[in-house]
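Asks:
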Amino acid sequence: MKIAIIGGGISGCAIYLLLKKHLQPLPAGKQYSITIYEAHDMNKETKSSERAKGLPHSATLTVGGGLGVGPNGLGVLRRLDEEVLRDVVRGGYVTPIMIMKSKGGQVLVRANHGDALPPNAASEHAMSTVASSRHSIWRALRTRVSNNDIVIKRVSQVVANPDGPNTIEFVDGSPPIEADLIIGADGLKSRVKLALFPEAEKDPYPPRYEGLVGVGGFISASGVRDHVEKGAMNFVFGGNGFFGYFFSESAESSPYRDSPHHIADPGERLAWWSTYEVSECPTTATIDKGAITRQLQERHRGWGDPVIQEIVQSLEVDTMWPTWTVPPLPTWERDGVVLVGDAAHALPPTSGQGCAQALEDVEAFVLLLSHSLQNADQEQIEANPKSLVKTAARFFPNVMFKKQYSVFTYNVADEVKKMTDICYLYRLWL
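Quick note on the working numbering: the sequence shown kicks off at 148 and runs consecutively.
1) Which residues in the same chain as TYR356 place their Cβ atom closer than 7 Å to its Cβ, once the five residues preceding and following it in sequence are excluded?
2) Within its chain, find whatever has a CB closer than 7 Å to the CB of VAL236; leave out the 5 residues flanking it on each side and keep chain order.
3) Given 8 Å as the limit, is there contact between the region 390 to 406 and the region 231 to 248, that is, 3 or more CB pairs closer than that?
4) Going by the beta-carbon positions, is the gap between LEU417 and ILE366 smaller than 7 Å?
5) Grouping DSSP H, G and I as helix and E and B as strand, with all else coil, what is PRO354?
6) Terminal residues of the continuous alpha helix (DSSP H) containing TRP471?
7) Excluding the 5 residues preceding and the 5 following GLU376 in the sequence, name in chain order all residues of the same chain whose CB lies nearer than 8 Å to its CB.
8) LEU506 by DSSP, collapsed to three states: which one?
9) Since LEU417 sits in a beta bridge, which residues does DSSP pair it with?
10) Among the candidates ASN522, ILE458, GLY391 and GLN444, whose CA atom is the shortest distance from the CA of SER249?
11) So ALA151 packs on ILE297, CB below 8 Å; how close in whole Å?
12) Output needed for HIS169: all residues of its chain with C-beta closer than 7 Å, excluding positions within five of it in sequence on either side, in chain order.
13) So which of THR567, GLU510 and GLN521 has the shortest CA-CA distance to LEU227?
14) For PRO413, which option in GLY378, ARG446 and ALA493 has the closest C-alpha, if you only look at C-alpha atoms?
15) Which two residues bound the contiguous beta strand (DSSP E) that contains LEU486?
16) Take ALA523 and list the residues in its own chain whose beta-carbon comes closer than 8 Å to its own, dropping the five residues that flank it on each side.
17) Enumerate in chain order the residues of its own chain whose CB-to-CB distance from LEU173 is below 8 Å, with the five nearest sequence positions on each side excluded.
18) Using three-state DSSP, classify THR422 as helix, strand or coil.
19) Report the rounded CA-to-CA distance for ARG338 versus VAL318, giving the unit in angstroms.
20) Which whole-angstrom value is the C-beta distance of GLY334 and GLY449, which I expect to be below 8 Å?
21) Would DSSP call LYS250 helix, strand or coil?
22) Can you give me the C-alpha to C-alpha distance between GLU457 and GLY385, rounded to a whole angstrom?
23) Take GLU185 as the anchor and find which of LYS167, ALA560, LEU164 and GLY159 has the nearest alpha-carbon.
24) Helix, strand or coil for ARG226? Go by DSSP, reduced to three states.
25) Please confirm if LEU173 has its CB atom under 7 Å from at least one CB of chain C.
26) Compute the Euclidean distance between the alpha carbons of GLN442 and LEU255, then round it to the nearest angstrom.
27) Let's test the definition: count the other Cβ atoms within 10 Å of the Cβ of PRO402 and tell me whether it reaches 16, buried, or not, exposed.
28) Got a sec? Which residues, its chain only, sit under 6 Å from ALA258 by beta carbon, not counting five neighbours each side?
29) Is GLY331 closer than 7 Å to ALA539 when the C-beta atoms are compared?
30) Between the Cα of ARG445 and the Cα atoms of SER426, SER421 and ILE434, which residue gives the shortest distance?
31) Taking 8 Å as the limit between beta carbons, can you name the residues of its chain near ARG198, skipping five residues before and five after?
32) Can you name the residues that DSSP bridges to ILE150?
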């Protein structure tokens with residue numbers, strides 16, 4: 148069975164590792180072929196501005212290269228590999244505390260999410276959100292992906308073929324490749340998504356600009372350390388936008404540096420972002436970084452938070468991150484082509500769940516696919532692998548929707564097991 152993953156970001160690397168972990172060896176010494184196709188050289192350090200073309204875009208998560216992974220997402224990493232979880236925590240900073248303030252400095256809300264969990268909760272439920280750079284989380288996954296399974300090519304088109312293998316075509320004109328299963332982990336402006344709607348001349352469910360733009364980045368924490376509470380994610384609201392900041396790493400000397408259960412001493416970097424309303428989505432051609440910096444300083448002039456004043460007086464804006472979302476899709480699968488992460492359901496940064504839900508996506512689909520394959524014989528796998536993919540994909544969205552109050556304590560692996568157990572009992576009853 149040949150599997151192609153389009154996109155080598157967090158979702159793409161995570162689903163590669165989960166497939167390697169959960170797919171059982173085939174009889175007669177045969178192997179699953181799993182390849183990642185990524186448009187950018189994953190061994191090079193590139194800035195987001197170097198990748199951007201046309202409309203700059205933000206998928207989910209916090210703008211400016213920083214993001215948060217909630218306990219439900221950390222649970223996926225723990226079940227994948229305890230060392231992956233520790234690497235992610237080590238590269239970020241545990242933030243169980245959320246503080247919301249007015250621009251004048253008045254505390255509006257102070258919540259400790261760790262305190263809200265029952266004392267007897269399972270260990271993964273007792274984990275706290277980890278704030279980090281997007282690159283740090285990606286790197287923890289990428290280092291475990293074999294270089295031999297990565298192909299640097301930009302995909303031009305994916306075709307879902309109902310009567311045979313699916314095909315992937317490339318911008319450079321190189322020969323198309325075939326795959327039984329194609330996984331679209333290629334983000335907000337997914338090329339793979341178009342394969343699910345072949346009757347449409349263009350994307351019938353295009354990303355939607357939400358009228359908000361963010362700028363952000365990282366600064367040295369040395370000048371603001373005394374004004375930032377340990378373990379806190381800070382949000383400051385005003386009439387013309389809001390501002391956020393958090394320590395993005397822990398101190399190398401901290402004994403709790405790799406623990407998702409403890410607040411470590413903070414490190415040397417602070418992540419920040421500012422979000423505000425812009426009616427027309429900017430393009431890379433229209434961005435004036437100097438003007439953006441001046442506007443940022445003017446917008447937050449007079450705000451009473453000393454951290455914000457330190458940031459806006461010492462920063463240079465690198466890029467802008469418009470907020471995009473993806474409207475609900477009628478399906479995430481067609482003839483062995485499946486979407487995960489932002490390609491299927493990009494969430495706004497305010498959800499705080501973009502990365503976690505992307506990780507839940509990939510674990511849920513892999514567990515369902517593994518169950519489907521384990522209950523098939525070798526002849527079925529070779530003769531009609533797409534039917535097994537369809538079986539997994541049919542249940543996939545059902546385990547991804549959860550009640551709002553259970554978001555942080557949601558265990559997607561448990562939900563998959565409940566569903567597969569019900570299916571097993573139903574087959575016995577028949």
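All residues carry an ideal CB built from backbone N, CA and C; glycine is no exception.
Replies: The structure says:
1) Hits under 7 Å: CYS428, PRO469 and TRP471.
2) VAL277, ASP405, SER406 and PRO407
3) The answer is yes - the region 231 to 248 touches the region 390 to 406, with three or more Cβ pairs under 8 Å.
4) yes
5) coil
6) Not the alpha helix (DSSP H): TRP471 falls in the beta strand (DSSP E), residues 467 to 472.
7) ILE244 and ILE246
8) helix
9) Residue pairing by DSSP puts LEU417 in a beta bridge opposite ILE366 and PHE394.
10) GLY391
11) Wrong, their Cβ atoms sit about 12 Å apart, outside the cutoff.
12) VAL513, LEU514 and SER517
13) GLU510
14) GLY378
15) Start and end: 484 to 486.
16) Result list for ALA523: LEU535, in chain order.
17) MET148, TYR179, GLN525 and ILE528
18) THR422 sits in a strand when the DSSP states are folded into three classes.
19) Per the coordinates, the alpha-carbon of ARG338 lies some 12 Å from the alpha-carbon of VAL318.
20) That pair is no contact at about 38 Å.
21) coil
22) Computed Cα separation, rounded: 17 Å.
23) Comparing Cα-Cα distances from GLU185 to each of LYS167, ALA560, LEU164 and GLY159, the minimum goes to GLY159.
24) helix
25) Although the question refers to chain C, the structure presented lacks it and comprises just one protein chain.
26) 26 Å
27) exposed
28) MET245
29) no
30) Inspection of the sequence shows that residue 445 is occupied by Glu rather than by Arg. Checked all of SER426, SER421 and ILE434; the closest Cα to GLU445 is SER421.
31) For ARG198, the pLDDT reaches just 43, beneath the cut-off of 50, and the residue's location in the model is therefore unreliable, although a value from the coordinates is still provided. Excluding sequence neighbours, ARG198 sits near HIS187.
32) DSSP output for ILE150 lists ILE181 and LEU328 as bridge partner(s).
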